[in-house]
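Peer 1: Just passing along the structure, written as structure tokens.
In my numbering, the protein residues as written are 372 to 851.
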């Protein structure tokens with residue numbers, strides 16, 4: 372289809388991709404016109420700062436990023452209003468400078484958090500904000516507010532890395548970075564999948580998988596208010612609960628930082644034993660969920676897959692997040708190492724078919740099981756929460772000394788379409804692990820999370836320090 376712009380130019384319009392469809396669905400169902408599609412982040416460091424060069428670098432990074440030219444519009448498609456997307460000729464993103472150098476850091480943080488919460492008109496206008504920031508104590512850098520249909524967390528970090536590479540090329544004579552890839556080409560690649568034999572094979576796999584699988588069971592992170600236990604007072608055999616109340620998206624955030632030394636223990640074991648870092652972290656999560664639910668061996672939660680297997684996908688920005696259920700069955704007599712391998716096997720099975728549309732996957736699941744459908748009033752589900760791991764992305768810096776001053780910030784918008792979302796990422800300055808729990812306030816989960824986090828870390832470190840310990844022994848040491 373096509374659209375005539377205000378300047379008289381006609382552009383081609385395209386449907387949303389699979390990942391965009393899911394994000395927009397979540398926004399409409401659970402966002403209630405709240406800023407759930409806003410991503411606010413900042414990257415700051417201490418050096419002999421050249422604001423003029425950073426401004427040039429940001430402007431060049433914007434020009435190299437064709438997703439900055441992305442726009443969304445509403446069109447009548449066969450009698451139904453549908454969200455479409457198109458690309459304009461110019462990004463129309465202006466880089467401004469804000470000086471908070473005389474303001475306490477916490478005050479400037481709250482100001483930028485308020486920026487992140489401000490709603491952006493979605494249709495036929497620029498979507499993203501890029502600003503140069505001067506902070507107290509000699510920190511300087513950039514604030515970014517991105518639209519979630521155009522950027523995911525990986526893409527936001529890629530933009531920061533590209534900007535820094537350009538900045539250092541100008542400031543220090545470092546090599547100028549290679550061009551980014553085309554968002555348009557990546558979008559066409561995603562549309563090609565919809566008519567491919569691979570999509571048919573993926574759908575057949577999921578249909579067979581859910582049809583042949585035994586019914587999972589919900590494992591709550593709430594202790595006193597355990598929802599399955601409440602549901603079983605009326606139906607002793609029930610294995611799912613209803614969550615995601617669309618009218619209450621307000622959220623709070625708890626952030627925990629693991630020490631550099633303990634983070635290195637995890638990373639070093641994974642490197643030496645060829646184990647997956649996210650699988651070790653997910654094993655810790657599913658173990659504490661098991662401990663909260665009478666040592667249940669069958670534990671499920673959603674996990675985020677960033678589908679960037681090709682160079683085109685890695686270098687073309689956009690949103691490629693899909694959310695899938697990870698079901699793990701871990702008997703208590705397995706060793707920690709064996710349990711990690713069991714989680715890796717479960718993850719690998721999903722990875723092979725993870726291009727399949729998340730919304731369609733839920734439909735397939737609901738046809739085969741009692742729960743799994745999504746609605747605006749509530750979701751019957753076996754998954755108590757969502758997990759994502761952000762692998763470290765190399766942001767170039769002038770020196771390791773300057774890198775040690777770097778600060779990466781995520782400005783939570785205080786609204787969440789998911790009841791509980793744990794993100795584990797690496798700190799900018801020392802690569803240590805940071806655990807970010809975003810939880811809907813209506814669940815009153817904060818006290819439970821203050822118990823869950825240390826037990827999760829304890830479970831991980833017990834196994835990292837003794838990979839032959841059994842899961843039963845770990846559960847004994849983290850029991851409530």
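The beta-carbon is built from N, C-alpha and C at its ideal position, and this holds for glycine as well.
Can you tell me which of 531, 542, 478, 707 puts its alpha carbon nearest to the alpha carbon of residue 770?
Peer 2: Answer by Cα proximity: 542.
Peer 1: Grab me the residues of residue 388's own chain with a C-beta within less than 7 Å of its C-beta, minus the 5 sequence neighbours each way, in chain order.
Peer 2: If we look at residue 388 and ignore the five residues flanking it on each side, its Cβ neighbours are 558, 561.
Peer 1: Is it right to say residue 802 is buried, meaning 16 or more other beta carbons lie within 10 angstroms of its own, or is it exposed?
Peer 2: The residue in question, residue 802, is exposed, as its Cβ has fewer than 16 Cβ neighbours within 10 Å.
Peer 1: Mind checking residue 656: buried by the 16 CB within 10 Å criterion, or exposed?
Peer 2: So residue 656 ends up on the buried side.
Peer 1: With a cut-off of 8 Å, do at least 3 Cβ pairs link the segment 773-788 to the segment 628-641?
Peer 2: Short answer: they don't touch.
Peer 1: Give me the DSSP bridge partner(s) of residue 667.
Peer 2: For residue 667, which the question treats as bridged, DSSP gives no partner whatsoever.
Peer 1: Whose CA, out of 682, 621, 739, 831, lies closest to the CA of residue 788?
Peer 2: Nearest C-alpha to residue 788: 621.
Peer 1: Determine the direct distance from the alpha carbon of residue 781 to that of residue 698, and round the result to whole angstroms.
Peer 2: Spanning the two alpha carbons is a distance of roughly 29 Å.
Peer 1: Give the secondary structure of residue 811 by DSSP, where H, G and I count as helix, E and B as strand, and everything else as coil.
Peer 2: Looking at residue 811 - three-state DSSP - the assignment turns out to be strand.
Peer 1: Counting C-beta neighbours from all protein chains within 10 Å, is the total for residue 384 16 or more, i.e. buried, or is it exposed?
Peer 2: The residue is buried, with at least 16 neighbouring Cβ atoms inside 10 Å.
Peer 1: Short of 8 Å in beta carbon distance, which residues of its chain neighbour residue 917, apart from the five on each side in sequence? Order them along the chain.
Peer 2: Residue numbering for the chain in the displayed model covers 372 to 851; residue 917 lies beyond these limits and cannot be assessed.
Peer 1: Taking a contact to mean a Cβ-Cβ separation below 8 Å, would you say residue 441 touches residue 456 in this structure?
Peer 2: Yes. Within cutoff.
Peer 1: In chain order, what residues of the same chain lie with their CB nearer than 8 Å to the CB of residue 725, ignoring the 5 residues before and after it?
Peer 2: Cβ within range, chain order: 676, 678, 693, 695.
Peer 1: Where does residue 447 land, buried or exposed, given buried means 16+ other C-beta within 10 angstroms?
Peer 2: Burial call: exposed.
Peer 1: Can we say the segment 505-516 touches the segment 414-421, given the rule of at least three CB pairs closer than 8 Å?
Peer 2: Flag = yes, the segment 505-516 and the segment 414-421 touch.
Peer 1: Using C-beta distances below 8 Å, list every residue in its chain close to residue 626, excluding the 5 sequence neighbours before and after it, in chain order.
Peer 2: The residues are 805, 806, 807, 808.
Peer 1: Of all the options 647, 785, 821, which has the alpha carbon lying nearest to the alpha carbon of residue 406?
Peer 2: Comparing Cα positions, the closest option is 785.
Peer 1: Starting from the C-beta of residue 794, find all residues in its chain whose C-beta is less than 6 Å away, skip the five residues before and the five after it, and write them out in chain order.
Peer 2: Within the same chain, residue 794 has close Cβ partners 759, 807.
Peer 1: Are residue 669 and residue 588 touching if we call contact CB-CB under 8 Å?
Peer 2: Yes, these two residues count as a Cβ contact at 8 Å.
Peer 1: Could you tell me which uninterrupted alpha helix (DSSP H) segments, each at least 4 residues in length, are contained entirely in the segment 445-526, listed from first to last along the chain?
Peer 2: Complete alpha helix (DSSP H) runs here, min 4: 476-488.
Peer 1: Is the segment 648-663 in contact with the segment 819-830, if contact means three or more CB pairs nearer than 8 Å?
Peer 2: Yes: the two stretches touch, three or more of their Cβ pairs being nearer than 8 Å.
Peer 1: According to the Cβ coordinates, are residue 504 and residue 422 closer than 8 Å?
Peer 2: No.
Peer 1: What does the alpha-carbon distance come out to for the pair residue 755 and residue 665?
Peer 2: Spanning the two alpha carbons is a distance of roughly 15 Å.
Peer 1: DSSP state of residue 831, grouped into three classes?
Peer 2: Here residue 831 sits in helix by DSSP.
Peer 1: In chain order, which continuous runs of the alpha helix (DSSP H) of length 4 or greater are located wholly inside the segment 689-777?
Peer 2: Counting whole runs of 4 or more residues, the segment 689-777 contains the alpha helix (DSSP H) stretches 707-722, 729-739, 771-774.
Peer 1: Could you spell out the range, first to last residue, of the beta strand (DSSP E) harbouring residue 613?
Peer 2: That run of the beta strand (DSSP E) goes 612-614.
Peer 1: So which of 391, 425, 546, 459 has the shortest CA-CA distance to residue 365?
Peer 2: No answer is possible for residue 365: the residues shown for the chain start at 372 and end at 851.
Peer 1: Give the secondary structure of residue 634 by DSSP, where H, G and I count as helix, E and B as strand, and everything else as coil.
Peer 2: In the structure shown, residue 634 sits in a helix (DSSP, three-state: H, G or I).
Peer 1: How would you label residue 836, buried or exposed, when you count the other beta carbons within 10 angstroms and need 16 or more for buried?
Peer 2: Counting Cβ neighbours within 10 Å, residue 836 comes out exposed, since fewer than 16 surround it.
Peer 1: Over the uninterrupted beta strand (DSSP E) stretch that includes residue 795, give me the two end residues.
Peer 2: Residues 791-797.
Peer 1: By how many angstroms is the C-alpha of residue 393 removed from the C-alpha of residue 519?
Peer 2: Whole-angstrom Cα-Cα distance: 11 Å.
Peer 1: Buried or exposed: which applies to residue 762, given that a residue is buried once 16 or more other Cβ atoms fall within 10 Å of its Cβ?
Peer 2: Counting Cβ neighbours within 10 Å, residue 762 comes out exposed, since fewer than 16 surround it.
Peer 1: With a threshold of 6 Å on Cβ separation, who are the neighbours of residue 721 within its own chain once the five nearest residues in sequence on each side are excluded?
Peer 2: Answer for residue 721: 695, listed in chain order.
Peer 1: Give me the DSSP bridge partner(s) of residue 651.
Peer 2: Residue 651 pairs with nothing; no bridge assigned.
Peer 1: Do residue 548 and residue 536 have their beta-carbon atoms positioned less than 8 Å apart in this structure?
Peer 2: Closer than 8 Å, so yes.
Peer 1: Given residue 398, which residues of its chain have a CB within under 6 Å of its CB, disregarding the five upstream and five downstream residues?
Peer 2: Within the same chain, residue 398 has close Cβ partners 407, 408.
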